[in-house]
């Protein structure tokens, strides 16, 4: 008898058979779980096991995981969905009988009968789980054709496209939006044939309280939810001789872009990334890490100002546009808590349209700033009216990691074998503190590296604040800075952010500083990153690579960046000065909760 490793030691062990093989498993687990432990594959579609955040989508709506149960008493077997059927003592399961395989194939055929037949032009082509499943099950034709759903695409927002015609009603997005992120935007609409998932009353996405975090896009198995594609705008700008096109890449891009080209998750591909962008034709290639170092100069100054002047505490880091929108909709009474700093890529765009333009004699009207971001919400952030300078957008176009991957393929570049290049200068020097912006806990750690030295006047010998690191969605720590003990709260995932903000609002816990990132794990798992399909081991490898990149840096504190020092001397004055406030800070506003 084979013993499956017991992960629930307090639970009773029971015996059952799968494909005539005896197994002993913990009582209470499903057939699908037991099959996985026994290395028996049962295909799934609606099922999504987000183990790291303790959430499972178990709607059993697709019926793709059907298996056959043997009933010796009646000699009549029955089909059951493996994802929700709990194993009982003595149960016998067959996973690959003709009946089970036929049922799965029929379920997929029925889904395809109401699915647009446009795989060649679909944004999820090659990444679609329905497409892959149809190939795996040998579906070569659709036996049932007739009426199909015919809803208009929702392209109302600057971030997310909702195509209800491609919704297979798996409700993964609903689980992510409501249970993990607790935004409550998505739910089932309609019944039967015409059912799909969308905002209440099917209002446009832009009119909802959606934060555009993109986690629904990450888990959608089809193209029912995708990002707004802006690659055409980038190609148009690159081919306009009157435009000076600058690109910047976020910290999390370098540890994920390689996955699009079949490199191992967590591969640091910074050098190839820069070379690819230069060969595509950008006039200058910069690192958003410079903007992150600039953000730390302002954010650490704001933290110290609040501490020393009895101003609103805690201070909340404001780099993530999805949680900014979350707090505007969900917790408007706490809008004095966030730092007023713009996010790093917006700060960088501001500096490009002012300082850089003046230094290089370029008309800001002719500069196009393109941001490559791990985040879908950055697309909407760039269009916020308060993030403009003299009627210029700080950032003109935002593309995701996935979109850049497509552009590199369109350009015919052999990404894996590209030589390594360096980012352009000036504005090219960066530090380890800026790199760790890409992972949960990194922003507050970077701020404390600088705040420590400014508050104490002493050199920080060990720059790693290990107590701030980890992959838990909600973490608390204390940091000793001189005679001050700072209480720090860290949340990744908006459900955890809600818990943290409720604690602050209700006075249950006190903090001096908190960090929130909307995506579980931080920007490394952003809505615009290569699809991880719920496999958080991929996210963990990206995080390890981020910390390795920090260690590889010669300079690891933002205030020691010589080019940052120079820009303050030549242009901004002191951190948190009037000029810095005018250019690098913003404001937030209460938004209706729908």
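In this note's numbering, the protein residues as written are 17 to 610.
Just so you know, even glycine gets a beta-carbon here, dropped at the ideal spot from N, CA and C.
At which residues does the alpha helix (DSSP H) containing residue i begin and terminate?
| i | result |
| --- | --- |
| residue 260 | No alpha helix (DSSP H) holds residue 260; the beta strand (DSSP E) holding it covers 260-265. |
| residue 465 | 458-472 |
| residue 165 | Here residue 165 belongs to no alpha helix (DSSP H), and DSSP marks it neither H nor E. |
| residue 375 | 373-376 |
| residue 242 | Residue 242 -> not in any alpha helix (DSSP H); beta strand (DSSP E) instead, spanning 241-243. |
| residue 450 | 448-451 |
| residue 250 | 247-254 |
| residue 397 | 393-397 |
| residue 232 | 231-235 |
| residue 581 | 578-583 |
| residue 47 | 47-53 |
Under DSSP, the beta strand (DSSP E) around residue i begins and ends at which residues?
| i | result |
| --- | --- |
| residue 496 | 490-497 |
| residue 416 | 413-416 |
| residue 7 | Lying outside 17 to 610, the shown extent of the chain, residue 7 is not represented and no answer is given. |
| residue 563 | Segment 552-568 is the alpha helix (DSSP H) holding residue 563; no beta strand (DSSP E) there. |
By DSSP's criteria, residue i is part of a beta bridge. Which residues make up the other side?
| i | result |
| --- | --- |
| residue 348 | Answer by DSSP bridge pairing: none, since residue 348 is not bridged. |
| residue 507 | 490 and 532 |
| residue 42 | 29 |
| residue 387 | 264 and 414 |
| residue 501 | 496 |
| residue 37 | 34 |
| residue 177 | 242 |
| residue 601 | 357 |
So residue i and residue j are in contact, right, with Cβ under 8 Å, and what is the actual spacing, rounded?
| i | j | result |
| --- | --- | --- |
| residue 243 | residue 230 | 7 Å |
| residue 264 | residue 388 | 7 Å |
| residue 490 | residue 516 | 6 Å |
| residue 178 | residue 240 | 7 Å |
| residue 145 | residue 64 | In fact, because the Cβ distance is near 10 Å, the residues do not count as touching under 8 Å. |
| residue 506 | residue 480 | Between residue 480 and residue 506 the Cβ distance is about 15 Å, and since that is not below 8 Å, they are no contact. |
| residue 529 | residue 331 | 5 Å |
| residue 82 | residue 116 | 5 Å |
| residue 153 | residue 188 | Actually they do not touch by this definition, with Cβ atoms about 20 Å apart. |
| residue 56 | residue 123 | That pair is no contact at about 19 Å. |
| residue 15 | residue 33 | Outside the shown range of the chain (17 to 610) lies residue 15, about which nothing can therefore be said. |
| residue 538 | residue 454 | 6 Å |
| residue 371 | residue 587 | 5 Å |
| residue 471 | residue 498 | 6 Å |
| residue 390 | residue 520 | Actually they do not touch by this definition, with Cβ atoms about 27 Å apart. |
| residue 295 | residue 429 | 6 Å |
So, does the segment 223-235 touch the segment 544-557, judging by three or more C-beta pairs under 8 Å?
Yes, the segment 223-235 is in contact with the segment 544-557.
The segment 448-464 / the segment 568-585 touching (three or more Cβ pairs under 8 Å)
These segments touch.
Contiguous alpha helix (DSSP H) assignments of at least 4 residues, all confined to the segment 273-358
Counting only runs of 4 or more, we get 286-296, 304-324 and 337-346.
Which residue spans inside the segment 64-134 form an unbroken beta strand (DSSP E) run of at least 3?
Counting only runs of 3 or more, we get 64-66, 71-73, 82-85, 94-97 and 108-110.
Along the chain, which unbroken stretches of the beta strand (DSSP E) at least 3 residues long are found entirely within the segment 189-225?
Qualifying beta strand (DSSP E) stretches, in chain order: 202-205 and 212-215.
Does the pairing of the segment 361-379 with the segment 301-308 give three or more beta-carbon distances under 8 Å?
By the Cβ rule, the segment 361-379 counts as touching the segment 301-308, because three or more pairs are nearer than 8 Å.
Is the segment 290-304 touching the segment 253-273, taking contact as three or more C-beta pairs under 8 Å?
Using a Cβ-Cβ distance cut-off of 8 Å, the segment 290-304 and the segment 253-273 are in contact, since at least three pairs of beta carbons, one from each stretch, lie closer than that value.
Would the segment 393-409 count as touching the segment 342-352 if we require 3 or more Cβ pairs under 8 Å?
No, the segment 393-409 is not in contact with the segment 342-352.
Evaluate contact between the segment 244-259 and the segment 278-293, counting only Cβ atoms and requiring at least three cross-stretch pairs below 8 Å.
Touching, no.
Three or more C-beta pairs below 8 Å linking the segment 96-116 and the segment 42-58:
With a cut-off of 8 Å on Cβ pairs, the segment 96-116 is in contact with the segment 42-58, counting three or more such pairs.
Stretch pair the segment 309-325 + the segment 575-584: three plus CB contacts closer than 8 Å
The answer is yes - the segment 575-584 touches the segment 309-325, with three or more Cβ pairs under 8 Å.
Touching or not, the segment 348-357 and the segment 585-605, by the rule of three or more beta carbon pairs under 8 Å?
With a cut-off of 8 Å, the segment 585-605 and the segment 348-357 count as touching, because enough Cβ pairs lie within range.
With three or more C-beta pairs closer than 8 Å as the rule, is the segment 159-174 touching the segment 248-265?
Judged by pairs of C-beta atoms under 8 Å, the segment 248-265 does not touch the segment 159-174, as fewer than three such pairs exist.
Specify whether the segment 432-439 and the segment 287-299 touch according to this definition: at least 3 beta carbon pairs, one from each stretch, less than 8 Å apart.
Flag = yes, the segment 432-439 and the segment 287-299 touch.
Check whether the segment 118-134 and the segment 219-228 are in contact - that is, three or more C-beta pairs closer than 8 Å.
Contact between the segment 118-134 and the segment 219-228 is absent: fewer than 3 CB-CB pairs across the two stretches fall below 8 Å.
Does the structure place the segment 146-161 close enough to the segment 201-210 that three or more beta carbon pairs sit under 8 Å?
No, the segment 201-210 does not touch the segment 146-161.
Tell me whether the segment 556-569 and the segment 402-416 touch, counting them as touching only if at least three CB pairs, one residue from each stretch, are closer than 8 Å.
Verdict: no, contact absent.
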